[in-house]
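S.K.: In the working numbering, the protein residues as written are 709 to 1557.
Heads up, the beta-carbon is just placed ideally off N, CA and C, and yes, glycines get one too.
None of these values were measured; they are calculated from a predicted model.
Attaching a single structure in structure tokens format; questions to follow.
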């Protein structure tokens, strides 16, 4: 059966060789038509900057978060920290702030802007509590004393570190985006349909899901574009005021959008620089225009085709997959360099007098190892499909398709163009810093120490891997000199934090049959109230004639419970501003001479509060229908001691232990939780990914080399290469996150290429030499040069990324270059020494090949 398969493959190979060498123009025509076809769809290629890319699809917390957002009418917003050059509380500064607010409110998709100008000044009114509702003042009222307003705002638990800094010099505007009602409804319905197992879905549900998926893609794309345009418009408005103030913007929508913006800028800026470095490297190495032009054309065709294919499939690129073009550049350049070096070897040795014959022999020699390197690289990236995070899964699939396209197009473009070009032997390449013969001599002389050093590296690397963490803050993505970094610091330090975290507490355990309103406050005559409420019988008759009502829900026990939890959460060092029912209670108690209110007073106060202020101060934090409290927290991203998972565990355990609630009564949600879940999933998937990819590649080695010994020896350098990169990350405290998660797959993919090429050449030429040491020297002088040239070109090109302002880009450049270097050194030192030591091809003088 296998022999039949091999004969079929050999027949296909022969047909392919005849086609590309004898009909090169037709071959190029096929490439051109394919490029034009897929290139047309490149216009639909898009980047996804939504916060959905930061979460795990199918996460229960994600579904709960959507429910909470709908229940409490929680929408996206951005902060604008505003510090005028002049004192904040003078008319000119406030007038400028008012103009800024009005411009923001005039935006199409901004529903409201919260600021110190429009919030009620409760202390400044200086009236009894029962008269406050009719005497509410704001800074928009021209007759408000500014000193009194400043004192009111700075001292208010509701506004301090939310709308104004403690020193009263910095204020914030909170721009609230309009609801995306249709998208939210579609998202919820999509989640419901996806939760139904495939085999249990009816035909109608399958059709509805297909329609919902299309609507979701359309609506989410529109929403992403709108959000990007809104943030750009806000920045444009802010630029008009920067001459007289220090202004920063923050918030999750802005962070998600800026992540993509930084990636786009890096791709545009460094893409050209990397391309220039690669051109210079290829020119220096080969010194022929054709050996620069052909690889670059292969890269261009591959890039156009994969971008068009992604547009055709409507697969958006996210921050996670943003470097896929750079990786395909590595792989395509590698394939071309191996073909060029092999052709030049045949040319230098005088083999095959005919130019066409040399091209044909080059393809015959290289198509098998290149096919296997491509397949193993596809397996390495395909392992990312095991992740629970859709952007990582999509990145794996993108790379699988991209590597396949790179292989096919390279083996069409290179032979076709080489066949059409006139042979020219005038220029010979140069061997700069002749490293491969040196590494061969080093291996021959210090073989045992090399294996000892490799063993120690593996031990140290494993120890480093045990130190790997998945903790990371958004601020760690940006350089200190960037505006977004400085803005996040400003907002964290003066305006109460960045990342939202919601703590939801059910007042009763799930199995308790207590309906909302069942636990009633005492009747008015039993309440014991003895101050301003007692003399107003009108309120009693008008507002409390009904036995049921939301006002009855607000009892002293519940308020004390809410305030206690609020104070506990506010006291945690990692939390910034905490908003809840406790916030308004603190304000009310301050107005009531620090005296708590009884049940009757609370009920009357609830009815006194104007509806517009209820929607701001109470409704976002209480669900009477579900007997539920919501505590809205902003976490300090700049806290150096922040460990997300530990903070969430501390909050949960603290509430359960100190407030006599069950674990089921407490739910944590919000972007902070969803991002943490994504990070934790990354750690689990990293271990699974590395295990799967090494196991799959080991099996492929057995099939390729038809030798268990060679498979074992070949996988060892790859294990060390991947472990070394991950181990170094552990020792340097570089966390695993959505950007660095791909490094293991990259390390293995790159290392495997070198291993396959070296063993394939070693196995092919050992029968001629019948001596492991001689075969090693030959391989270092031939395939070793191709490996060296490839690595040099990529390392030089990607090292330029270290000057980026985007930290993940720096990590990508450094770690990719390091992976290339370790893979190269391992393939040219450790691998040949293992072959010499264990003699997998049989005793010298007697080949098993």
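According to DSSP, is residue 790 helix, strand or coil?
M.R.: Residue 790: strand per DSSP, three-state reduction.
S.K.: For residue 956, which residues does DSSP report across the bridge?
M.R.: Partner(s): 789.
S.K.: When the distance is taken between beta carbons, is residue 1145 closer than 8 Å to residue 1488?
M.R.: It is a contact, given that the beta carbons lie within the stated cut-off.
S.K.: For residue 1187 versus residue 1513, is the C-beta distance shorter than 8 Å?
M.R.: Closer than 8 Å, so yes.
S.K.: Where does the unbroken beta strand (DSSP E) through residue 880 begin, and where does it stop?
M.R.: Per DSSP, residue 880 belongs to the beta strand (DSSP E) from 879 to 885.
S.K.: Using three-state DSSP, classify residue 1012 as helix, strand or coil.
M.R.: Of the three classes helix, strand and coil, the one that applies to residue 1012 here is helix, per DSSP.
S.K.: What does the alpha-carbon distance come out to for the pair residue 1116 and residue 997?
M.R.: Going from the Cα of residue 1116 to the Cα of residue 997 covers about 23 Å.
S.K.: For residue 889, tell me which candidate among 777, 1526, 811 and 831 has the shortest Cα-Cα distance.
M.R.: Closest by alpha carbon: 777.
S.K.: Apply the 10 Å Cβ neighbour rule to residue 1072 and answer buried if 16 or more other Cβ atoms are within range, or exposed otherwise.
M.R.: Label assigned to residue 1072: exposed.
S.K.: May I ask you to report which of helix, strand or coil DSSP gives residue 1549?
M.R.: Looking at residue 1549 - three-state DSSP - the assignment turns out to be coil, as it is neither helix nor strand.
S.K.: Judging by CA-CA distance, which residue of 1506, 1548 and 1494 is the nearest neighbour of residue 1536?
M.R.: Considering only alpha carbons, the answer is 1494.
S.K.: CA-CA distance, residue 1433 and residue 826?
M.R.: Approximately 54 Å, taken between the alpha carbons.
S.K.: Is the beta carbon of residue 1416 sitting closer than 8 Å to the one on residue 1546?
M.R.: Against a cut-off of 8 Å, the Cβ pair of residue 1546 and residue 1416 comes out as no contact.
S.K.: DSSP puts residue 1336 in a beta bridge; with which residues?
M.R.: Answer is 1214 and 1331, bridged to residue 1336.
S.K.: Going by beta-carbon coordinates alone, are residue 901 and residue 913 separated by less than 8 Å?
M.R.: Going by C-beta atoms, residue 901 is nearer than 8 Å to residue 913.
S.K.: I'd like to check one pair, residue 1271 with residue 1329: are the Cβ atoms closer than 8 Å?
M.R.: No, the Cβ-Cβ distance between residue 1329 and residue 1271 is not below 8 Å.
S.K.: Scan the segment 1303 to 1327 and note each continuous alpha helix (DSSP H) run of 4 residues or more that stays entirely inside, going in chain order.
M.R.: DSSP runs (the alpha helix (DSSP H)) wholly in the segment 1303 to 1327: 1307 to 1316 and 1319 to 1325.
S.K.: Indicate the three-state DSSP secondary structure (helix, strand or coil) for residue 1248 in the structure shown.
M.R.: Residue confidence for residue 1248 is low, a pLDDT of 37 falling below 50, so the modelled location carries little weight and cannot support an answer.
S.K.: Please identify the residue among 1285, 1109 and 808 whose C-alpha is closest to the C-alpha of residue 867.
M.R.: Out of 1285, 1109 and 808, 1285 has the C-alpha closest to the C-alpha of residue 867.
S.K.: Smallest Cα separation from residue 1107: which of 1265, 1086 and 1175?
M.R.: Among 1265, 1086 and 1175, the Cα nearest to that of residue 1107 belongs to 1086.
S.K.: Can you tell me which of the three DSSP states residue 1344 falls into?
M.R.: Three-state DSSP puts residue 1344 in coil, outside helix and strand.
S.K.: What residue range is occupied by the uninterrupted alpha helix (DSSP H) comprising residue 805?
M.R.: Element bounds for residue 805: 799 to 813.
S.K.: Of the residues 894, 1322, 1335 and 1152, which one's Cα is nearest the Cα of residue 1213?
M.R.: For the residues 894, 1322, 1335 and 1152, the minimum Cα distance to residue 1213 belongs to 1335.
S.K.: Using a Cβ distance threshold of 8 Å, determine whether the segment 1172 to 1189 contacts the segment 938 to 953, with at least three qualifying pairs required.
M.R.: These segments do not touch.
S.K.: Report the partner residues of residue 820 according to the DSSP bridge assignment.
M.R.: Per DSSP, 884.
S.K.: Taking 7 Å as the limit between beta carbons, can you name the residues of its chain near residue 978, skipping five residues before and five after?
M.R.: Closer than 7 Å at Cβ, skipping near neighbours: 1508, 1509 and 1512.
S.K.: Can at least three beta-carbon pairs, one atom from the segment 738 to 758 and one from the segment 1025 to 1033, be found at a separation below 8 Å?
M.R.: As far as the Cβ criterion goes, the segment 738 to 758 touches the segment 1025 to 1033, which means the pair count is three or higher.
S.K.: So, helix, strand or coil for residue 980, using DSSP?
M.R.: Three-state result, residue 980: helix.
S.K.: Within the continuous beta strand (DSSP E) that includes residue 1283, where are the two ends?
M.R.: Residues 1283 to 1287.
S.K.: How would you label residue 745, buried or exposed, when you count the other beta carbons within 10 angstroms and need 16 or more for buried?
M.R.: So residue 745 ends up on the exposed side.
S.K.: Can you tell me whether residue 741 is buried or exposed? The criterion is at least 16 other CB atoms within 10 Å of its CB, across all chains shown.
M.R.: Burial call: exposed.
S.K.: With 16 as the cutoff for other CB atoms within 10 Å, does residue 1256 come out buried or exposed?
M.R.: Reliability of the predicted coordinates at residue 1256 is poor, the pLDDT of 41 falling under 50, and the value obtained from them is presented with this limitation in mind. Residue 1256 comes out exposed.
S.K.: Distance, Cα to Cα, residue 1036 vs residue 992?
M.R.: About 22 Å.
S.K.: Measuring CB atoms only, is the segment 1352 to 1360 touching the segment 1258 to 1267, in the sense that at least three cross pairs come out at less than 8 Å?
M.R.: With the cut-off at 8 Å, the segment 1352 to 1360 and the segment 1258 to 1267 do not touch.
S.K.: On the three-state DSSP scale, how would you describe residue 994?
M.R.: Residue state, collapsed to three classes: helix.
S.K.: Once you ignore the five residues that flank residue 1119 on each side, which residues in its own chain have a CB closer than 6 Å to its CB?
M.R.: So no residue of the chain qualifies.
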